[in-house]
Amino acid sequence: FPNFGVGSGFSVDDLGHHAGYYKLDHSHDARLFYFFFESRNSKNDPIVIWLTGGPGCSSELAMFYENGPFAIADNMTLVWNEHGWDKASNLLYVDQPVGTGFSYTSDRRDIRHNEDGVSNDLYDFLQAFFAEHPEFAKNDFYITGESYAGHYIPAFAARVHRGNKAKEGIHINLKGFAIGNGLTDPAIQYKAYTDYALDMGIIKQAQYNRINKIVPVCETAIKLCGTDGTLSCMASYFVCNTIFSSIMALAGDTNYYDIRKKCEGSLCYDFSNMEKFLSQKSVREALGVGDIDFVSCSPTVYQAMLVDWMRNLEVGIPTLLEDGIKLLVYAGEYDLICNWLGNSRWVHAMEWSGKKKFVDSSEVTFEVDGVEAGVLKSYGPLSFMKVHDAGHMVPMDQPKASLEMLKQWTQGKLSTTATEEENSVAEM
Amino acid sequence: FSSALLLDPRFAGSHFPSVHAEKLIRQLNLSPKEDLNVVKGGDGSSGLAGGKRIAERKLR
Chain A
1 FPNFGVGSGF SVDDLGHHAG YYKLDHSHDA RLFYFFFESR NSKNDPIVIW LTGGPGCSSE
61 LAMFYENGPF AIADNMTLVW NEHGWDKASN LLYVDQPVGT GFSYTSDRRD IRHNEDGVSN
121 DLYDFLQAFF AEHPEFAKND FYITGESYAG HYIPAFAARV HRGNKAKEGI HINLKGFAIG
181 NGLTDPAIQY KAYTDYALDM GIIKQAQYNR INKIVPVCET AIKLCGTDGT LSCMASYFVC
241 NTIFSSIMAL AGDTNYYDIR KKCEGSLCYD FSNMEKFLSQ KSVREALGVG DIDFVSCSPT
301 VYQAMLVDWM RNLEVGIPTL LEDGIKLLVY AGEYDLICNW LGNSRWVHAM EWSGKKKFVD
361 SSEVTFEVDG VEAGVLKSYG PLSFMKVHDA GHMVPMDQPK ASLEMLKQWT QGKLSTTATE
421 EENSVAEM
Chain B
1 FSSALLLDPR FAGSHFPSVH AEKLIRQLNL SPKEDLNVVK GGDGSSGLAG GKRIAERKLR
């Protein structure tokens, strides 16, 4: 990258940073744009792919503002992110679904509407990527992401697992998947909104009782949506979002990504430097994107996923756990929109062979530099962590803790290094 | 049930995903010029040659 304040002992020559386009196999004329950052630690570190949510927001949002190798300074130079996830992994960012970020098409039929389309595209991409980088094909592989990626990630993990079993192409050494403040099981998570809002003092008991009257209608609508509904899924989107908008009508200017904060009018965060940086000619030339637009968040992609929104993506996870693929679900404690309570509930409700042992396991503290950074429950391949002092974007709010969490989780040390605390807190 | 719901005016307006998408963009102080990254006609500007499906470059 130009404008790059190197410092910290790296020569600019070979930072092991790559960017590229992949001509999407099963598409009319789509191309996916991606970044690949080799690990600052070791080439043998795991490959970690990060998927941004939205749906329809670009991966560059997380890359520059959460866990990427560098951040953008106000004078449009790049500075190292001391806690970038490329300190413990070879890090992949993909602008997806098609139409997001620098990924583009000339044919609107390439717009995806469900997780089959999204996960097939990502699987095809991985096959091409590992063909281009065979030296990394044997590395451990982890899928990570946030928010609406709570839908993408389980679908993508299941697609990779299916492809491995069917020997469809290059074997991908899938070891685990992690979901940060995600939306995975809407029925459980939408029901948790009022409980979380009441617990955190956003609404009062009378308001809780009134809004909760919508919950049964929402649950019914989601059941009708099921795994292949269309109109019913749209209807459940409208019904269930009435729960959330009713809460927000009472919450005023509270930032529902981090209830400790306020939004000024509609402005909650300022990520405009990213667009400014990526519009610079020198940067575009370095990336090889020419005059291809950059769509930071795509309203069209967002709306195209409407039918997908209320689908339950938890259903495919138990099979992966039974086959020993690890799952880490984590959530910043001050996020409302994908709050830790709703995520904890669907994780505890999952039907798998280790369910009872997981539910009965004790909460332990997750410490970083001797300070409690979160509360963790683990059994076998499944871990759930509530991260302290963080909202929707945990790597942005707690960079050190999130890097340490990634390190310990990928090294299989997450549950062993946490401090045992015999305070088995009953699940609320 | 579903079609009746979709035609119910109470669920119009602010519940539409287009409104939510635009709100998300304003919340992050973003201003994408386009709603979707769609180019006119298939162009090979992404540098793919010889049937290769990936064109990658090192960032220096």
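Chains A and B, in that order, are what the protein sequence lines are.
Number 407 in our numbering belongs to position 407 of the first sequence; there are no gaps in the numbering.
Number 23 in our numbering belongs to position 23 of the second sequence; there are no gaps in the numbering.
In this text, a Cβ means the ideal position worked out from N, Cα and C, and glycines have one as well.
Because the structure is a prediction, the values reported are computed rather than measured.
field: For A:Glu372, the residue or residues it bridges with in DSSP
entry: DSSP, once it has assigned bridges, lists A:Glu367 as partnering A:Glu372.
query: Where does the unbroken alpha helix (DSSP H) through A:Lys191 begin, and where does it stop?
result: It spans 186 to 199 - the alpha helix (DSSP H) in which A:Lys191 sits, taken as one unbroken run.
- request: Identify the continuous alpha helix (DSSP H) that holds A:Trp346 and give its terminal residues.
  value: Start and end: 340 to 349.
- prompt: Helix, strand or coil: how does DSSP classify A:Gly7 here?
  reply: In this prediction, A:Gly7 scores a pLDDT of 49, lower than 50, which makes its location untrustworthy; no coordinate-derived value is stated.
task: Inspect the CB distances between the region 309 to 321 of chain A and the region 222 to 239 of chain A and report whether three or more fall short of 8 Å.
output: They touch, by the three-pair rule.
- prompt: A:Ala30: which of A:Arg109, A:Cys57, A:Pro55 sits nearest, CA to CA?
  reply: Ranking the options by Cα distance to A:Ala30, first place goes to A:Arg109.
- request: Provide the residue(s) that pair with A:His161 in DSSP beta bridges, ordered along the chain.
  value: Per DSSP, A:His161 has no beta-bridge partner at all.
- request: Report the partner residues of A:Cys95 according to the DSSP bridge assignment.
  value: With the sequence shown as reference, residue 95 of chain A is identified as Asp, and Cys is not the correct amino acid for it. The partner list for A:Asp95 (beta bridge, DSSP) reads A:Phe33.
message: So for A:Trp309, helix, strand or coil by DSSP?
response: DSSP places A:Trp309 in the coil class of the three-state scheme, outside both helix and strand.
message: Do A:His151 and A:Thr184 count as a contact pair if the criterion is CB distance below 8 Å?
response: It is a contact, given that the beta carbons lie within the stated cut-off.
task: Please name the residue or residues paired with A:Val387 in a DSSP beta bridge.
output: DSSP lists A:Gly332, A:Gly374 as partners of A:Val387.
- prompt: For the beta strand (DSSP E) that A:Ile47 lies in, which residues bound it at each end?
  reply: Counting along the chain, the unbroken beta strand (DSSP E) around A:Ile47 starts and ends at 47 to 51.
- request: Tell me, please, whether the region 66 to 78 of chain A touches the region 272 to 290 of chain A by the rule of three or more beta-carbon pairs shorter than 8 Å.
  value: In short, these stretches touch, since the Cβ pair count reaches three.
Limits of the alpha helix (DSSP H) - the one that A:Thr300 falls within: 299 to 304 is the span of the alpha helix (DSSP H), which, as asked, contains A:Thr300.
query: Taking C-beta to C-beta, are A:Gly354 and A:Leu382 nearer than 8 Å?
result: At a Cβ-Cβ threshold of 8 Å, A:Gly354 and A:Leu382 count as neighbours.
- request: Measure from the C-beta of A:Gln303 to each C-beta in chain B and report whether the shortest distance is under 8 Å.
  value: So, interface residue.
message: Can you find the residues in the same chain that come closer than 6 Å, C-beta to C-beta, to A:Thr230, ignoring five residues on each side of it along the sequence?
response: Cβ within range, chain order: Val307.
query: Closest by CA to A:Lys138, which one among A:Pro46, A:Ala187, A:Ala221?
result: For A:Lys138, the nearest C-alpha among the options comes from A:Pro46.
task: Taking A:Phe177 as part of the beta strand (DSSP E), name the residues at either end of that continuous run.
output: Taken as a continuous stretch (DSSP letters only), the beta strand (DSSP E) holding A:Phe177 covers 174 to 182.
query: Secondary structure at A:Ser59, three-state DSSP: helix, strand or coil?
result: The answer is coil: DSSP assigns A:Ser59 none of H, G, I, E or B.
message: Could you check whether the Cβ of A:Lys23 sits closer than 8 Å to any Cβ belonging to chain B?
response: Answer yes: the Cβ-Cβ gap between A:Lys23 and chain B drops below 8 Å somewhere.
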